[in-house]
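Have a look at the structure below before the remarks.
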Amino acid sequence: MKYDFAAIEPKWQKKWMEEKTFHCENHSDKPKFYALVEFPYPSGQGLHVGHARPYTAMDVVARKRRMDGYNVLFPMGYDAFGLPTENYAIKNHIHPAKVTHDNIANFTKQLQMLGYSFDWDRVINTTDPGYYKWTQWIFLQLYKHGLAYKTTMPVNWCTSCKCVLANEEVVEGVCERCGSPVIRKEKSQWMLKITEYAQRLIDDLDGLDFIERVKTQQKNWIGRSTGAEVTFKATTGDDIVVFTTRPDTLFGATYMVISPEHAYVKQWADRLANLAEVEDYVAAAARKSDFERTELAADKEKTGVMLQGVRAVNPVNGKEIPIFISDYVLSSYGTGAIMAVPAHDTRDWAFAKKFGLPIVEVVQGGNVEEEAFTLKDDTGIMVNSGFLNGLTVKQAIPAMKKWLAEQGLGHEKINYKLRDWVFSRQRYWGEPIPMIWCDKCGWQPLSEDQLPLLLPEVDSYEPTDDGESPISKMTDWVNTTCPCCGGPARRETDTMPQWAGSSWYFLRYMDPHNDKALASREALDYWSPVDWYNGGMEHTTLHLLYSRFWHKFLYDIGVVPTKEPYQKRTSHGMILGEGGEKMSKSRGNVINPNDVVAQYGADTMRLYIMFIGDFEKAAAWSDNAVKGCKRFLDRVWNLSGQLTEGEACSPANESAVHKAIKKVSSDIEAMKFNTAIAALMALVNDFYTNGCSRGDYEALLLMLSPFAPHMVEELWERLGFAGSKGGMACQQAWPAYDESKTIDAEVQMAVQIGGKLRATITVPLDSEQTEVVAEAMKDPKVQKFTEGMEIFKVILVKNKLVNLIVKPKK
Ligand code: ANZ
Ligand code: ZN
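Numbering (our numbering), first residue to last: 1 to 810.
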């Protein structure tokens, strides 16, 4: 009887599908468990091993939890709007909907080939009008609650995709998707006010079981900083308001910098003696992204232009100081203006050195002629600072804030790095934004009863050269009537960004066919929140943050029952190519799951991808290790022909079985899949050594079933367990262990003589000193090293070690 995975696997997949084995209902006597993985973008390349790792992991967890007695929702769907499909459609003259449909068919086949226990009745597709109706509905609610607005702003423009990117999508100055340079461009954009939720997005992390690095990355991205806004007077009479985290250093502010985009630059144009130079600098700055202006420029020489004709007055000492424009000050943060304290800020110091500006030390401790003295703590002592002299920085900050408040020159201020979310794309393959422009009435929301607003058919999906959506050419669709005055009006031709559909998809799984609501309240109450969400670290500051924002908004308007969408978040490491390099087409080291399954079977693929290494760390593919996993499954299979009678665990294996159950159970919950599998491998070795009863083997099959479900079901059936226990292995209760049986009756102990390891002995558990010493003295090596010696001291570490301290006999 050979292990014929190619026959076994399709057989069970078909059975699971026909019997809807993994279908779940929205009610049950059992406790609920909602396990979620990030749904794929159905690209033409199909499923890759990077998908298989998290999907297999959560499938193992979901399968175990079903056996633990939970009503498990483990759904799958497709995040199918997006640029790659659109670009493929343009190139090959195929409608993106067709491309999407074909890609989804391929993905579905691959996911089924891997034996995932998804509820296939709940599959969703974000490009389905029945789905995006509700994405549009949420947008309208955001708009109605003042959280969506349109504004002209400098945006990140990908020169190749011809589309606007969110800050999150610009990585090291290039487009995250295609790698082309990103420039700044003024565009009118729909924006979502995620910033309104900044504080809550930080605070509510506290109650969540997210791995620490996710929490930290979200907090850093939101970037809360506490400081003060301080008003300086310009010689024009205008107020220049700056944001500073260090109001204590105000006496050291020897010049000011405003961003090149600051409104004063234009406002003061007539007074500027060097206007041409200023305008050149402004134009150059506009071409750079924030990233180029800050991170990339950190070690480069600072640039800037002094505004000739306007100066500012430092409010604490009345001194007139120059004002510069420089691109190291961003218009998008704080007030777009700073007071520069070169003695204690690295950027200001470099700038002051370049332009020969005074550097005034106000906190003691460094050598500010050599470098900026930036504090690690706030215990430094203030100098050259009038009424602050002698105070520590810690004392000086509130003292200065108080003084500023009394003078009417400043107040405490909290700023966030987080920016509002750019929510338009000038592309075809996305959800149409359901808004109408009327020259008389302005922006008007489409009436909700007209949703979904369907994406029109267009002749060409190419973006126009002026960066408008191809939909803008569909005049039949664009021209409409104003919902407010009934006059002629135009539809918004921008579509939503890729992140729209994924910002609420986990809600749709709860009730995927509902056409009255995004999901029924009963379904939402029953399944919320997602109990465990595993996904990639790369989504921490995008999808994960966006969806938390939408969910909080939906909570505020009474649509969902919980403040947070996900109770637990874990994350997996990447799978690298053989040898540890990133998998890529150009390196030719991409592993296709189809090939692995064809050669070794899905169960080997699943087992291997769980065995590959620590789940949260990157791991390199190894064909040899795949073969090792196949050999293990062969061994399990072959063992089935050598079973001894006995439905219970055999005495010889009892402790090993109970230990394995304990370890595998806790390892799966802790996502230590590799050590769980290692424990099963060790157990199989024991079985080969000690002999294996049907009872021993049954326990093994149940524990192996989440990892290698097809093979286990086949063996379960062949050995008659399906009949005797009733149902498939995946429908059985997870095996229980008896704590007392996990404890060995005997232990191995090290015997040291004078601190040196000389022997190991086996003694009954918890043996006392006299028994241990007596047993040790039977060992020939111990006898040899103690010959002619007297034991004058014994150090015993129970169940571990005994150390005999000896000296020569007198
Ligand atoms: C004076 C000062 C003295 C500063 C000092 C720092 C150290 P975080 O912590 O990131 O919030 N800043 C304010 N707005 C800026 C902008 N739009 N572009 C560039 N830099 C800006 O940083 C706040 C500090 O960054 C502020 O505090 C300001 O410099 C600068 F010893 O003010 B500080
Ligand atoms: Zn109107």
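Virtual Cβ for every residue (Gly too), placed ideally from N, Cα, C.
query	result
Run through the DSSP bridge pairs and tell me what Q752 is partnered with.	L757, N803
Run the CB neighbour count on K109, radius 10 Å, all protein chains shown included, and call it buried at 16 or more, exposed below.	exposed
For the putative contact between P78 and T126, defined by C-beta atoms under 8 Å, what is the C-beta separation to the nearest angstrom?	First, the residue type needs correcting, since residue 78 is Tyr and not Pro in the sequence shown. With 8 Å as the limit, Y78 and T126 qualify as a contact, their Cβ atoms being about 7 Å apart.
Over what stretch of residues does the beta strand (DSSP E) that includes Q189 continue unbroken?	182 to 192
Measure the C-alpha to C-alpha separation of A80 and G50 and round it to an integer number of angstroms.	18 Å
Are F139 and I557 closer than 8 Å when you measure CB to CB?	no
Which ranges would you report for the alpha helix (DSSP H) in the region 184 to 266 if only whole runs of at least 4 residues count?	198 to 203, 212 to 222
Which class does P434 belong to by DSSP, given the choice of helix, strand or coil?	coil
Run through the DSSP bridge pairs and tell me what Q444 is partnered with.	I436
In chain order, what are the residue ranges of uninterrupted beta strand (DSSP E) at least 3 long that sit wholly in the region 466 to 531?	479 to 481, 488 to 491
Quick one: Cα of A619 to Cα of I258, how far?	47 Å
Within a Cβ cutoff of 6 Å, which residues of the same chain sit near P96, ignoring the five residues on either side of it in sequence?	T85, E86, A89, W429
Tell me whether I134 sits in a helix, a strand or coil according to DSSP, three-state version.	Per the sequence shown, residue 134 should be read as Trp rather than Ile. Reduced to three states, the DSSP call for W134 is helix.
So what does DSSP say about A80, is it helix, strand or coil?	coil
Would you check if there are 3 or more beta carbon pairs closer than 8 Å linking the region 664 to 679 to the region 593 to 612?	yes
Whose C-beta lies closer than 7 Å to the C-beta of T100 among residues of the same chain, with five residues either side of it excluded?	P42, A80, T85, T127
For P780, which three-state DSSP category applies?	helix
So N589 packs on M583, CB below 8 Å; how close in whole Å?	6 Å
Taking 5 Å as the limit, name every residue whose beta carbon sits nearer than that to some heavy atom of the ligand ANZ, in sequence order.	S225, F243, T244, T245, R246, T249, V329, L330, Y333, G334, I338, V341, H344, D345
Taking its Cβ as the centre, do 16 or more other Cβ atoms sit within 10 Å of C485, making it buried, or is it exposed?	exposed
Using CA coordinates, which residue listed in S160, T231, P456, R419 is at the minimum distance from Q407?	T231
Kindly list the residues whose CB is nearer than 6 Å to the CB of W532, restricted to its own chain and excluding five residues on each side of it in sequence; keep chain order.	A35, K568
Below 8 Å on the Cβ atoms is my guess for L683 versus A656; work out the distance and round it to an integer in Å.	6 Å
Quick check on the DSSP output: the beta strand (DSSP E) that includes Y34 runs from which residue to which?	32 to 37
From the DSSP output, read off the bridge partner residues of P764.	E746
From T245 to N106, what distance separates their C-alpha atoms?	54 Å
Could you check the C-alpha separation between A343 and K354 for me, to the nearest Å?	14 Å
If I'm right that K800 touches A750 with Cβ under 8 Å, what's the distance once you round it to whole angstroms?	7 Å
Would Q218 pass as a contact of L208 if the rule is Cβ separation under 8 Å?	no
Quick one: residues in its chain with C-beta nearer than 6 Å to the C-beta of S331, no 5 flanking neighbours on either side, listed in chain order?	S259, E261
Under 8 Å by Cβ, that's how I've got R758 and V782 pegged, so tell me the actual separation to the nearest angstrom.	6 Å
Would you report the Cα separation of V278 and A263, rounded to the nearest angstrom?	13 Å
If contacts are defined as beta-carbon pairs under 8 Å, then L576 and W421 qualify, I think. What distance do you get, rounded to the angstrom?	Contact flag wrong, Cβ pair sits at about 32 Å.
Within 8 Å (strictly less), CB to CB, does S586 reach chain B?	No chain B is present in this structure, which holds just one protein chain.
Taking the alpha carbon of D525 as the reference point, which residue from T562, K288, G386 has its own alpha carbon closest?	T562
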